[in-house]
């Protein structure tokens, strides 16, 4: 294996196998962790930083041990050692100094039996707590002053050097003394070479970087490799941000950010490094989003659809209720966009039941009034059916023709409807993903509405735009809607290329919803009370998590329906529904529920969106702890659509902190915008929408739950940069443009917009 003889020859592209001092065995384990080059290692950021205290007496440490996350060091003499055998071996030792004594405990650690003996002197290092008045360290790192038969050189190499000299002991004991040691663990595999962690000054408090690692690859080993390559790699980093811009924003140089994040001296170092690294991630994405937005506006053309008073009056006559001031305001924003020769790209946010559908219908009818076509794409067949029914009722008796296209169409139905869209026989198309398929073409599509945008990605939006290129070389105006509000930072990140309209409040006639979170033990009382409401003519949804019986012990549609029919709701008219049912059977069930011949519907989350039955005023959600917060809020939105006081009961209890927070949040507020921010804080952005599905960028440092202000600044800066140089053509930003193209060029379709 060829190796560099000097660290200054190391570059970001240097293979770890070519770096002196890294064994072949370690290279193999690093490679298995997707760390193959020096650059990979430098970009492998710490997941946290631990505070490591300078060596103190046992008594001093006991008085200062309030911070259980800090790593402490105490020196002393081993007074006693005790080995307890059982299902797992536990080793206990008492360490004494002139001030006091401390208890050292190693769990499942038979390997420590021969490592520590009465009379040994040395340093114990790890996290500590005070138990029964005594300082206790769990699974500490033990660094003896002397190992029999070991030379000074061997002691220095192994990390057991005396503590009056720098030591290379790692900070967190679990890393070097696993609590779940097995015969296959690194600890019991002396034939696997280990790189010792870097030398540390133990006379001052310090921070230690803790890296994402594994049983096979320790954080301390990664730390040591970082120390070998960091300076050489950082010396070659080209900072993509101009000095003046960095100074104005209070950002340190990029190379310094890498240095400090890996080898921080204190919390200020971590904060400064993190700010720069997080800003770069957010700024780069916003640059891409703003460039895409500019390219869309400059390279695509749309049909300007002006709103004349006669058209406005005609459209409103088809909507069976008076629009709210909020709906009128949002319609005004949409109409202003659609009147331009530049394609509208607008995100419509609104809470459950805020009246988004009526706004979308208005936009589609504006296109039809001008003699063009409109389309509405929904993520599920049930939601598409709901839109089809609502729009069909609104347009009954008119000359507007609607095509319903989903995957369940027969071959004959599909051929007839697809042909009708191409010839202009149909004015409006409503359907699922089937509308986006290559075989579907429109004669003159002018408006496209995408419902529940978070279930579609950039590619789907691009696909619907291409449907407008029939007889006319234009793209349709596009309106995307969300089922529930999106946290502000997520909206900026995922849909930053779209203008945003926010619809607040609810249409007149809607009632507030009383929400109760109830222990499952009280379910009989809940169902007994709800029976009285059903007997008064109200209707109910009962939501269960499973379609069929399973080993998980969760309530399923068939068995829970039977329980209610034979028990608390005996004699009432009940039905079950789930997504696996045949469409005809599901349609018949929903029609019966809408007509009132079914009093209660036992269903899965198939009813989460798209179901609108004004007489349904009661909902019960079984195993509520199994559902996400946004899901619970969306389910609750199925009631409260009429004038009767509605009630939603969540039957559930959780043993996890996240589950408890979800149930507490859903019980405390019915504001979807508050729910959205709470959900983001609990789960994080990747879980709220699903990174792979939504196209959420893979941030390493930035956190959308906490970096809202930094994102705002990054967005404003990106807007200003693109307004001044839409293609980033200036030579001074060549490095930045190159990084943008590599990171987001393909994902955002930069330079390929149409």
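In our numbering, the protein residues as written are 496 to 1249. Positions of the beta carbon are idealized from the N, C-alpha and C atoms, including for glycine. Please read these numbers as outputs of a predicted model, since none were measured by experiment.
Assess, as a yes-or-no matter, whether the stretch 607-622 is touched by the stretch 569-579 under the definition of 3 or more beta carbon pairs within less than 8 Å.
yes
Spatial distance of residue 532 from residue 753 (CA atoms):
16 Å
Quick one: using the 10 Å Cβ neighbour count with 16 as the cut-off for buried, is residue 920 buried or exposed?
exposed
Three-state secondary structure assigned by DSSP to residue 776
helix
Just the Cα atoms here: how many angstroms apart are residue 822 and residue 796?
Computed Cα separation, rounded: 27 Å.
Which listed residue (1035, 1146, 587) has its alpha carbon closest to that of residue 603
587
Leaving out five residues before and five after residue 1142 in sequence, what residues of the same chain have Cβ atoms less than 6 Å from its Cβ?
1009, 1113
Residue(s) in a DSSP beta bridge with residue 994
841
State the beta-bridge partners of residue 636 as determined by DSSP.
DSSP output for residue 636 lists 620 as bridge partner(s).
Burial state of residue 852, where buried means 16 or more other Cβ atoms lie within 10 Å:
The residue is buried, with at least 16 neighbouring Cβ atoms inside 10 Å.
Name the residue from 1034, 867, 583, 711 whose alpha carbon lies nearest to the alpha carbon of residue 1138.
1034
First through last residue of the beta strand (DSSP E) which encompasses residue 588
585-591
When DSSP labels each residue in this structure, what does residue 702 get in the three-state scheme?
Looking at residue 702 - three-state DSSP - the assignment turns out to be strand.
Which class does residue 976 belong to by DSSP, given the choice of helix, strand or coil?
strand
Run through the DSSP bridge pairs and tell me what residue 1143 is partnered with.
1010, 1114
Helix or strand or just coil, what does DSSP make of residue 1121?
Judged by DSSP in its simplified three-state form, residue 1121 adopts helix.
Mapping the DSSP letters down to three states, classify residue 522 as helix, strand or coil.
helix
Could you name the residues that DSSP lists as bridge partners for residue 900?
926
Across the stretch 860-880 and the stretch 897-904, are there enough close Cβ pairs to call them in contact, namely three or more that are closer than 8 Å?
With a cut-off of 8 Å on Cβ pairs, the stretch 860-880 is in contact with the stretch 897-904, counting three or more such pairs.
Taking the straight line between their C-alpha atoms, what separation do you get for residue 875 and residue 750?
In a straight line, the C-alpha of residue 875 is about 48 Å away from that of residue 750.
Give the C-beta separation of residue 1203 and residue 983 to the nearest angstrom, bearing in mind that I take them to be a contact with Cβ-Cβ under 8 Å.
7 Å
Please list, in chain order, all residues of the same chain as residue 1002 whose beta carbon is under 6 Å from its beta carbon, the five residues on each side excluded.
819, 850
Determine the DSSP secondary structure at residue 1164, reduced to helix, strand or coil.
coil
Straight-line CA distance for residue 869 to residue 732?
Taking C-alpha positions only, residue 869 is separated from residue 732 by approximately 51 Å.
Using the beta-carbon count (16 or more within 10 Å), is residue 467 buried or exposed?
Absent from the model: residue 467. The displayed extent of the chain is 496 to 1249, so no value can be given.
Let me check one thing: in DSSP terms, what residues is residue 626 bridge-paired to?
The secondary-structure analysis by DSSP pairs residue 626 across a beta bridge with 629.
Per DSSP, what kind of secondary structure is residue 601 in: helix, strand or coil?
strand
Rounded distance between the beta-carbons of residue 747 and residue 767, thought under 8 Å:
5 Å
Could you tell me whether the stretch 835-851 touches the stretch 909-924, using the rule of 3 or more Cβ pairs below 8 Å?
no
Count the C-beta pairs between the stretch 1088-1104 and the stretch 916-931 that are closer than 8 Å, then say yes if the count reaches three, no if not.
no
Alpha carbon of residue 693 to alpha carbon of residue 1100, nearest angstrom:
Residue placement at residue 693 is poorly supported in this model, since its pLDDT is 44, which falls under 50; the coordinates still yield a value, given next. Cα-Cα distance, rounded: 54 Å.
Endpoints, the beta strand (DSSP E) within which residue 1072 is located
1069-1072
What is the rounded straight-line gap between the Cα of residue 860 and the Cα of residue 810?
7 Å
Identify, in the order they occur along the chain, each residue of the same chain with its Cβ nearer than 6 Å to the Cβ of residue 685, setting aside the five sequence neighbours on each side.
Its pLDDT being 31, under 50, residue 685 is placed unreliably by the model, and the measurement read from it follows with that caveat. Excluding positions up to five away in sequence, the list is empty.
Beta-ladder partner(s) of residue 1078, from DSSP
Bridge partners of residue 1078: none, in fact.
Would you kindly work out how many angstroms separate the C-alpha atoms of residue 890 and residue 924, rounded to a whole number?
13 Å
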